[in-house]
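Chains as they are written, first to last, in the numbering used here: chain A, 1 to 389; chain B, 390 to 778. For glycine and all other residues, C-beta sits at the position ideal for the given N, C-alpha and C.
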């Protein structure tokens, strides 16, 4: 086990009517709040009105900025920073999914910074301060409601980059599974893939002696795998939605990654698909992660066997170790197909092979990967692997 | 799944040389620290000197109070409160095991309170403020390094009571598994029992639809079960010690108990053994918990079957459900015997049957238990169950 430090200071309020706690939590955001949201779905589900009522009840002044799109844009982050400075905003309330929260995090670090916010994402500078962020989550997937990370896209240069710090973990996160009943099947399934991948990016490691975190990872994976089909067949199944929502938070607050080297190559490789083609992140991961597994699994066959046996109940068969390892990958792909996710690039309508430029961009900050360090040639080979039936 | 709120704000620093972070963390305790510890083992292992050096390096003023005993005493807590008031102490550094940390928590709530600190433990008043507490953990067992609870014993009345609040979670916890190498086998094993019981008090619930938290509980139990024998046979096995230490923290920071009703009857029933006979808490739990299981398991056979199958790999056999459930209990007892723990009252040298008085005291605050509400007669029956071979 590797040495680590860990803190997860987000106040979670989980359950039916979790949003009722907003009036108690909102003072943590100071005297004037930016209400940040997406393209209006929070108005359709009645959440917008409840939030406004709670802000008024708490006598909290606010300004609004909606319009966050999936793969949130740098342009809107910059607009939010300008607005917050002009309006003397002291904290940000993000109501929506991971894109809204990631956008809020960008604004939160940009407001007190004298330079351009993109500096954080291009690794020119480190996060040293941020406005406090609170969230009401409506799409379980990204785990941003308790995570250290933010991913933002510069549409001008088709660059989708990440930055992170404990300083941008939200101070509170209100999670009501009922607000996820109206999620369409595609988003429910893509969210499950995103969560599973957050776990698997940590699970596939060469660090020895990581029994507890392995088992915590397996607990999360099995829960997501068993509850996603239930939520798809009965969108109003409260308990299935609740299991998924809580799993999504714990998949990415980094508890399960402590003491072990993680990987994240697949995330960087997928980000280029999203940046180039506007692909839904989870759907892109459903294609890229299995391709990555096929390409790298021989580096650590025992770990892929453990995954197959413990997560997918593949029987261990002496003398057929590699086959056992590959059967785990096949089961993951079969699961993705069963929940309506793509598993090949052509399923995403991608056939024009921009592999060279995507690999170039994915490698911008150096080599990728923990389980196996990847070169540009490896990344191109993984995109090619993702073509194959 | 039940609604819940959760926050775990303790900064964990884990690994070799974790105590080196003391100089960075100590400012969280303010300008003058009470250094609180036990009967001197921290001097034997060289930790005391390192702590003093770090306090000096950080220019932090301090006073000392050692002498905390297992089942920490109310008298010393009161002495600590007087000392802190006189010396204008702003925060408490607890160096030791759960008893030292629980004692520190008592002092931390007592200092700013105008009445007697025992009021918190007798439920006459609620915790509304506390001095900040930091810890360097040397005995993994109680989980107090990140928990909300404190258990203190009034030796005059032989009363061992609990109080709790998010306000007494330590602000930092430094965990170096190397400091547990010197723990004797008895304390290593009793610690494992304490941790396992913290998990089982949450695991045995009637709340339906708790898949994720069930699986997290199982992850912790399996990890403790597999690593304790390794630590006993090779006390310097860093990785086994590390798995146990991290499991002990996560067994009781309440992450795994969220969304489900917990029980805690066994803890209250055991506390009377400790109060009456000075029994080591973990050793008492090794006797009481299996007795409780035998007494209550028919209330929820499916849950005891799940425990047997998933934690102890007992094969599920149709038509033999009750037998399967009981086999899980037998495997737990066999495990306790294998690590040198008692499983009957006589193994603790207790034969004088003070069941009436202990049951009376255990019930002082009303009925006990979540899986099954227990009356005084039930508690007496559980003590009797604990006699039997």
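Could you spell out the range, first to last residue, of the alpha helix (DSSP H) harbouring residue i?
i: residue 151 of chain A; result: Counting along the chain, residue 151 of chain A falls outside any alpha helix (DSSP H), though it belongs to the beta strand (DSSP E) covering 149-154.
i: residue 294 of chain A; result: 281-296
i: residue 54 of chain A; result: 47-57
i: residue 365 of chain A; result: Careful: residue 365 of chain A lies outside any alpha helix (DSSP H) and carries neither H nor E.
i: residue 701 of chain B; result: 690-701
i: residue 652 of chain B; result: First-last for residue 652 of chain B: undefined, no H or E at that position.
i: residue 85 of chain A; result: 74-87
Compare the Cα-Cα distances from residue i to each of the options and report the closest residue.
i: residue 754 of chain B; options: B:744, B:765, B:582, B:717; result: B:765
i: residue 174 of chain A; options: A:83, A:302, A:24; result: A:24
i: residue 93 of chain A; options: A:202, A:65, A:114, A:192; result: A:65
i: residue 248 of chain A; options: A:217, A:237, A:236, A:264; result: A:217
i: residue 686 of chain B; options: B:435, B:660, B:560, B:714; result: B:714
i: residue 386 of chain A; options: A:294, A:121, A:143; result: A:294
i: residue 74 of chain A; options: A:383, A:116, A:346; result: A:116
i: residue 362 of chain A; options: A:266, A:278, A:284, A:370; result: A:266
i: residue 157 of chain A; options: A:268, A:272, A:333, A:378; result: A:272
i: residue 784 of chain B; options: B:429, B:479, B:603; result: Residue 784 of chain B cannot be examined here, being either before or after the span of chain B that is shown, 390 to 778.
i: residue 145 of chain A; options: A:119, A:170, A:129, A:301; result: A:170
i: residue 29 of chain A; options: A:229, A:268, A:269, A:135; result: A:135
i: residue 526 of chain B; options: B:513, B:486, B:557; result: B:486
i: residue 141 of chain A; options: A:304, A:190, A:379, A:126; result: A:190
i: residue 185 of chain A; options: A:209, A:197, A:201, A:233; result: A:233
i: residue 181 of chain A; options: A:236, A:213, A:373, A:27; result: A:236
i: residue 452 of chain B; options: B:471, B:725, B:488, B:692; result: B:471
i: residue 336 of chain A; options: A:40, A:289, A:372, A:319; result: A:289
i: residue 13 of chain A; options: A:177, A:196, A:357; result: A:177
i: residue 108 of chain A; options: A:155, A:214, A:203, A:164; result: A:164
i: residue 407 of chain B; options: B:430, B:514, B:568; result: B:568
Below 9 Å on C-beta distance, what does residue i contact in chain B?
i: residue 1 of chain A; result: 403, 404, 566, 627, 628, 631, 632, 635
Starting from the beta carbon of residue i, find every residue of chain B whose beta carbon is closer than 8 Å, and list them in chain order.
i: residue 227 of chain A; result: 600
Can you check whether the CB of residue j is closer than 8 Å to the CB of residue i?
i: residue 71 of chain A; j: residue 274 of chain A; result: yes
i: residue 494 of chain B; j: residue 522 of chain B; result: yes
i: residue 3 of chain A; j: residue 456 of chain B; result: no
i: residue 671 of chain B; j: residue 583 of chain B; result: yes
i: residue 688 of chain B; j: residue 737 of chain B; result: no
i: residue 219 of chain A; j: residue 608 of chain B; result: yes
i: residue 11 of chain A; j: residue 396 of chain B; result: yes
i: residue 424 of chain B; j: residue 484 of chain B; result: yes
i: residue 639 of chain B; j: residue 645 of chain B; result: yes
i: residue 771 of chain B; j: residue 653 of chain B; result: no
i: residue 330 of chain A; j: residue 355 of chain A; result: no
i: residue 378 of chain B; j: residue 641 of chain B; result: The question about residue 378 of chain B has no answer, for chain B in this structure spans 390 to 778.
i: residue 168 of chain A; j: residue 192 of chain A; result: no
Which residue marks the beginning of the beta strand (DSSP E) containing residue i, and which one marks its end?
i: residue 577 of chain B; result: From DSSP, residue 577 of chain B is part of no beta strand (DSSP E) but of the alpha helix (DSSP H) over 574-592.
i: residue 36 of chain A; result: 32-37
i: residue 394 of chain B; result: 393-403
i: residue 481 of chain B; result: 480-485
i: residue 563 of chain B; result: 561-564
i: residue 549 of chain B; result: 548-553
i: residue 721 of chain B; result: Taken as a continuous stretch (DSSP letters only), residue 721 of chain B belongs to no beta strand (DSSP E), being part of the alpha helix (DSSP H) at 710-727.
i: residue 64 of chain A; result: 61-65
i: residue 739 of chain B; result: Note, residue 739 of chain B: premise wrong, no beta strand (DSSP E); not H, not E.
i: residue 133 of chain A; result: 133-137
Output, in chain order, the set of chain A residues within a Cβ distance shorter than 8 Å of residue i.
i: residue 612 of chain B; result: 211, 212, 215
i: residue 608 of chain B; result: 212, 215, 216, 218, 219
Could you work out which residues of chain B lie near residue i, taking near to mean beta carbons separated by less than 7 Å?
i: residue 4 of chain A; result: 403, 404
At a cut-off of 7 Å, would you count residue i as near the ligand FAD, judging by its Cβ distance to the nearest heavy atom?
i: residue 473 of chain B; result: Among the components of this structure there are no ligands whatsoever, and the ligand FAD is therefore not found.
Is residue i close to chain C, meaning its C-beta is less than 8 Å from at least one C-beta of that chain?
i: residue 436 of chain B; result: Absence of chain C from the displayed structure is noted, the protein chains being A and B.
Using a Cβ-Cβ cut-off of less than 9 Å, give me the residues of the region 395-425 of chain B that come near chain A, in sequence order. 395, 396, 397, 398, 399, 400, 401, 402, 403, 404, 405, 406, 407, 410
So if I threshold CB-CB distances at 7 Å, which residues from the region 573-597 of chain B count as touching chain A? Closer than 7 Å at the C-beta level to chain A, one finds no residue of the region 573-597 of chain B.
Taking Cβ-Cβ distances below 8 Å as the criterion, which residues of the region 492-510 of chain B are in contact with chain A? none
Would you list, in chain order, the members of the region 146-168 of chain A that have their beta-carbon closer than 8 Å to a beta-carbon of chain B? Here the close residues number zero.
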